[in-house]
């Protein structure tokens, strides 16, 4: 098992000309002190699509140095260029990553054989645990349970981040994974439903704001306090809706800024959150006492 519980899909703070490393350090400490079970960097929430290779390497070196083994680090390496993703997986291994997260290849798409070979090539190059990321709403490619079952035959492919939003598909993934791999929720509003089907945790956007809360919700369920976890999920969902009122990571970076972190702007083609959506986000953050914490 790569991790159980809540892994944060960490947002990247920017300055006008690069990464804000002072704020990044604060975010890392906030997560570790809050009890997060793993940290994912360079996932979708971290905006790697608009970062240069040099920025990505700078960020990884900084994060590995600052975290220093205190919690597992997962590195997003996915893309639609298999060779580049495989090279990124090898670099992540050399830096000491616990695992890599690889999204389905988007835009150019591929056949079923191409999909399998894409992920197995990444796994062969990285030689460390791979979490396959299924998010068809972003990629227009959906991994089936049968494909996931075949991927689990590879010794380094160990899990899936399932973000289709289709609970029937989640059940099929969980059935395929029994005794062979892990299923992580990729949707913050479905954490408890995924756990109820045998999921091992979540890779969470909301945990950027509330690492302790999301950790405790998963922990409650896994330790038999199902009613507590259910209540926490239902209380969290209005905030989750506000965090996805616009394309991720626009709202979550706005929320972190409202908490007092100097996040800078999202990079084009993403644009700032509209005023009406910001007000709704503030309203839901107030419920949890999150505004101006720092």
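Numbering (my numbering), first residue to last: 1 to 294. For glycine and all other residues, C-beta sits at the position ideal for the given N, C-alpha and C. Since the structure is predicted, the reported quantities are computational estimates derived from the model, not experimental observations.
Integer Cβ distance of residue i from residue j, believed to fall under 8 Å
{"i": "residue 99", "j": "residue 143", "result": "Not confirmed; about 17 Å, so no contact."}
{"i": "residue 116", "j": "residue 150", "result": "6 Å"}
{"i": "residue 112", "j": "residue 147", "result": "6 Å"}
{"i": "residue 382", "j": "residue 76", "result": "With the chain covering 1 to 294 only, the question about residue 382 has no answer from this structure."}
{"i": "residue 145", "j": "residue 97", "result": "The Cβ separation is near 27 Å, so there is no contact."}
CA-to-CA distance, residue j to residue i, given in whole angstroms
{"i": "residue 286", "j": "residue 214", "result": "17 Å"}
{"i": "residue 82", "j": "residue 181", "result": "23 Å"}
{"i": "residue 272", "j": "residue 183", "result": "33 Å"}
{"i": "residue 124", "j": "residue 157", "result": "10 Å"}
{"i": "residue 33", "j": "residue 223", "result": "21 Å"}
{"i": "residue 268", "j": "residue 65", "result": "29 Å"}
{"i": "residue 165", "j": "residue 118", "result": "23 Å"}
{"i": "residue 30", "j": "residue 211", "result": "8 Å"}
{"i": "residue 255", "j": "residue 282", "result": "8 Å"}
{"i": "residue 27", "j": "residue 244", "result": "20 Å"}
{"i": "residue 92", "j": "residue 129", "result": "11 Å"}
{"i": "residue 266", "j": "residue 21", "result": "16 Å"}
{"i": "residue 50", "j": "residue 94", "result": "24 Å"}
{"i": "residue 189", "j": "residue 25", "result": "28 Å"}
{"i": "residue 225", "j": "residue 114", "result": "42 Å"}
{"i": "residue 90", "j": "residue 67", "result": "20 Å"}
{"i": "residue 60", "j": "residue 216", "result": "28 Å"}
{"i": "residue 1", "j": "residue 138", "result": "27 Å"}
{"i": "residue 10", "j": "residue 62", "result": "14 Å"}
{"i": "residue 227", "j": "residue 288", "result": "20 Å"}
{"i": "residue 17", "j": "residue 55", "result": "10 Å"}
{"i": "residue 167", "j": "residue 193", "result": "8 Å"}
{"i": "residue 229", "j": "residue 195", "result": "10 Å"}
{"i": "residue 163", "j": "residue 292", "result": "31 Å"}
{"i": "residue 278", "j": "residue 221", "result": "32 Å"}
Contact under 8 Å by Cβ, residue i with residue j
{"i": "residue 102", "j": "residue 122", "result": "yes"}
{"i": "residue 141", "j": "residue 186", "result": "no"}
{"i": "residue 45", "j": "residue 6", "result": "no"}
{"i": "residue 12", "j": "residue 261", "result": "no"}
{"i": "residue 159", "j": "residue 197", "result": "no"}
{"i": "residue 200", "j": "residue 4", "result": "yes"}
{"i": "residue 47", "j": "residue 19", "result": "no"}
{"i": "residue 259", "j": "residue 294", "result": "yes"}
{"i": "residue 109", "j": "residue 133", "result": "no"}
{"i": "residue 104", "j": "residue 154", "result": "no"}
Candidates the options: closest to residue i by CA position
{"i": "residue 79", "options": "64, 106, 68 and 96", "result": "106"}
{"i": "residue 209", "options": "59, 5, 237 and 253", "result": "253"}
{"i": "residue 206", "options": "15, 22 and 39", "result": "39"}
{"i": "residue 290", "options": "244, 263, 264 and 239", "result": "239"}
{"i": "residue 191", "options": "152, 231, 153 and 172", "result": "231"}
{"i": "residue 242", "options": "267, 280 and 216", "result": "280"}
{"i": "residue 8", "options": "249, 278 and 109", "result": "249"}
{"i": "residue 173", "options": "152, 188 and 288", "result": "152"}
{"i": "residue 270", "options": "292, 227 and 247", "result": "247"}
{"i": "residue 276", "options": "104, 288 and 251", "result": "251"}
{"i": "residue 72", "options": "193, 41, 274 and 234", "result": "41"}
{"i": "residue 284", "options": "167, 193 and 236", "result": "236"}
Classification of residue i by the beta-carbon crowding that lies within 10 angstroms, buried from 16 upward
{"i": "residue 70", "result": "exposed"}
{"i": "residue 86", "result": "buried"}
{"i": "residue 219", "result": "buried"}
{"i": "residue 88", "result": "buried"}
{"i": "residue 178", "result": "exposed"}
{"i": "residue 15", "result": "exposed"}
{"i": "residue 53", "result": "exposed"}
{"i": "residue 296", "result": "The first residue shown for the chain is 1 and the last is 294, placing residue 296 beyond what the model contains."}
{"i": "residue 274", "result": "exposed"}
{"i": "residue 84", "result": "exposed"}
Contact with chain B by residue i, beta-carbon distance below 8 Å
{"i": "residue 269", "result": "Given the protein chain composition of this structure (a single chain), no chain B is represented."}
Any non-hydrogen atom of the ligand NAD within 7 Å of residue i CB
{"i": "residue 174", "result": "Summarising the ligand content, the structure contains no ligands, and the ligand NAD is consequently not present."}
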